[in-house]
Amino acid sequence: MPRRNGVFLGSLYSLAVLCLVAIVNAEDPYRFFTWNVTYGDIYPMGIRQQGILINGQFPGPEIYSVTNDNLIINVFNNLPEPFLLSWNGIQQRRNSYVDGVYGTTCPIPPGQNFTYKLQVKDQIGSFFYFPSLGFQKAGGGFGAIKILSRPRIPVPFADPADDYSILIGDWYTTNHTRLEKIMDLGWRLPFPNGALINGRGDGGVTYNVEQGKTYRLRISNVGLQNTFNFRIQGHTMTLVEVEGTHTVQTPLSSLDIHVGQSYSVLVTADQPPQDYYIAVSSRFTGQNLNTTAVLRYTNSNKPVSGTPPPPPNADISWSLNQARSIRTNLTASGPRPNPQGSYHYGQINITRTIKITGSAAIIGRKQRYHVNGVSFVDADTPLKLADSLNISGVFKVGSIPDEPTNKAPYLDTSVMGADFRAFIEIVFENKENVIQSWHIDGYNFFVVGMDGGRWSVKSRDTYNLVDAVSRCTVQVYPKSWTAIYLGLDNVGMWNIRNEFWVRRYLGEQFYLRVYSPVMSPRDEYPLPQNALRCGRAVEKRS
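In mature numbering (1 follows the signal peptide of the UniProt record, and there is no 0), the protein residues as written are -26 to -1, 1 to 516.
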């Protein structure tokens, strides 16, 4: 009997261990989406035009998720043209094929579907998705992405009464296909026709709040080229998050949001009960774009009145100082239960410095833009697909230099090579009179410095090596520079681009090939089984 009891107790112990292993190895939750992409009539500026709808919506549906969730998004393309979605700020660990830009992924042909299998691994925060093919972004098809912290991870502020996603940006009333033709002819686009808040430019968007309660606003600039200033009449906002990083909580009367960027602020309904303007205005341009929405107290007894609050003065130094004041909250946990400041980026040796200068040029009698003298042109096959299937001749690693040269700008499919686990410095230099906004797919980076004039080695003395904000999109002011630190911990083919979409369309982008010779699924997942084939990959077997 004792032996039998021992066997019984041993079996219970083994079962308990198995259960524990099963719990530890259990998959993270799945969220399933079915999206139908169509053309439809929209009226963002009060006149009818053709827009890109997702499930009949403009903007598209919001993606609500929690850290580590698996997102299964089945996209049916019912447009008469190829379609491709990208996920601005979603890092896609070890899986650049589903990044959703043509350099990595084949477009979805008309009448067909593709299932994106994404995981918001070790991420929190506010992001958005958008059509990345051609100039489709000017037709709609964009929407908000919201990644909440897991319940056991403390957030450095109390739960808000509600959580609103606000998509702002400039807008053309001209069809996106017509805009593409204008650019393909080598002509410049006119200034946009207006500004939108959640797809409307007529002041018709309303956000309801209750007296005394605090709300979270996640604001993303999904536009094509313009910086916008965001403010709320009579209210102070508190900045709490930037593209997945909890920030030092800073009170703001207004906030500059550059194209491609996302921010979270808290606002408390602590004013007399009435309706208040939410105002959005373009910045640093000869022409101005303005629109409004309404912050409505549920016990409001008065509609909006007077004029919307004006933006700050147009002095670049105001915006630059605000940007440099944004700091990481070192004591707050991120997606994991450890302080964000536990990663001491300032103590890591830099192994390489890359200098990026984007500029305009006339190439072949047409308006183009380039990075370090190379104006990007798409290959006939997505670069990541060609890399995975060993298709030669599609691109050449090293086809773009690490810094600007004196050569005349030229066309090429520019790919820069980089080593897995390297820790590098990238300096963006802007020699022009317009703001640039740079994004790196697959990564967040530390914005260690920005200032006017030319960058030099001496500029490193001004770097913030303690609590610089970690983000995926950063602005470079006119005649200025911005420096970032980047840990290359994500193998794959990643797009680096100017978020000014005309410039990106006309060549101001390139790809960073982060390479590991180990060829292990620990470093990079194999090509997805459902990967679409196009170009030279149609006949190629893996």
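Ideal Cβ placement from N, Cα and C applies to all residues, glycine included.
Burial of Gly115 is indicated by the presence of at least 16 other C-beta atoms within 10 angstroms of its C-beta. A residue is called buried once 16 or more other Cβ atoms fall within 10 Å of its Cβ, and Pro283 is buried on that count. Judged by DSSP in its simplified three-state form, Asp415 adopts coil rather than helix or strand.
With three or more CB-CB distances shorter than 8 Å, the region 42 to 57 counts as touching the region 84 to 91. Distances from the CA of Ser39 to each of Ile16, Gly77, Met424 and Leu122 were compared; the closest alpha carbon is that of Leu122. Rounded to whole angstroms, the separation of the alpha carbons of Pro3 and Asp249 is 40 Å.
Cα atoms of Asn472 and Gly234: separation of roughly 9 Å, rounded to the nearest angstrom. Residue range Lys340 to Val345 is occupied by the beta strand (DSSP E) that includes Lys340.
Segment contact: the region 392 to 408 against the region 454 to 466, three or more CB-CB distances shorter than 8 Å; contact assigned. Distance between Phe104 and Thr78, taken at the CA atoms: about 15 Å. In terms of Cβ geometry, Tyr479 and Met467 do not form a close pair [threshold 8 Å].
Annotation note: the region 243 to 292 contains no uninterrupted alpha helix (DSSP H) run of length 4 or greater. When Ser299, Arg162 and Leu213 are compared, the shortest CA-CA separation from Pro225 is found for Leu213.
The alpha-carbon of Thr221 is positioned some 8 Å away from that of Ala306. Exclusion of the five residues before and after Asn172 leaves Pro33, Ile140, Leu141 and Val179 as the residues of its chain whose Cβ lies within less than 7 Å of its Cβ. The Cβ atoms of Asn167 and Met19 lie closer than 8 Å to each other. Listed as beta-bridge partners of Asn472 by DSSP are Trp412.
The way I'd put it, the region 146 to 159 doesn't touch the region 204 to 211; fewer than three beta-carbon pairs between them come closer than 8 Å.
Boundaries for Met390: no alpha helix (DSSP H) harbours it, while the beta strand (DSSP E) harbouring it runs Ser388 to Asp393, taken from the DSSP string.
Under DSSP, the beta-bridge partners assigned to Arg301 are Ala442. Within the region 476 to 503, complete beta strand (DSSP E) segments of at least 3 residues are found at 483 to 489, given in chain order. The C-alpha of Tyr417 is placed about 11 Å away from the C-alpha of Asp73. Annotation for Ser373: no alpha helix (DSSP H) segment contains it, and DSSP assigns it neither H nor E. Around the Cβ of Asp230, a 10 Å sphere holds 16 or more other Cβ atoms; the residue is buried. Secondary structure note for Glu154: its alpha helix (DSSP H) is the uninterrupted segment His150 to Asp158. Taken through DSSP and simplified to helix, strand or coil, Ala360 comes out as helix. DSSP, reduced to helix, strand and coil, places Leu53 outside both helices and strands of the structure shown, so it counts as coil. In the three-state reduction of the DSSP assignment, Ala396 falls in the coil class. Per DSSP, reduced to three states, the secondary structure at Leu294 is helical.
One thing to note: Gly177 has its Cβ within 8 Å of the Cβ of Thr266. Trp145 is bridged by DSSP to Gly168.
Judged by pairs of C-beta atoms under 8 Å, the region 302 to 316 does not touch the region 351 to 369, as fewer than three such pairs exist.
Under the three-state reduction of DSSP output, Val72 falls in the helix class. Assigned with DSSP and collapsed to three states, Ser123 falls in coil, not helix or strand. For Arg428, the secondary structure class from DSSP, reduced to helix, strand or coil, is coil.
Relative to the Cα of Asp136, the nearest Cα in the group Leu240, Asn273 and Thr151 belongs to Leu240.
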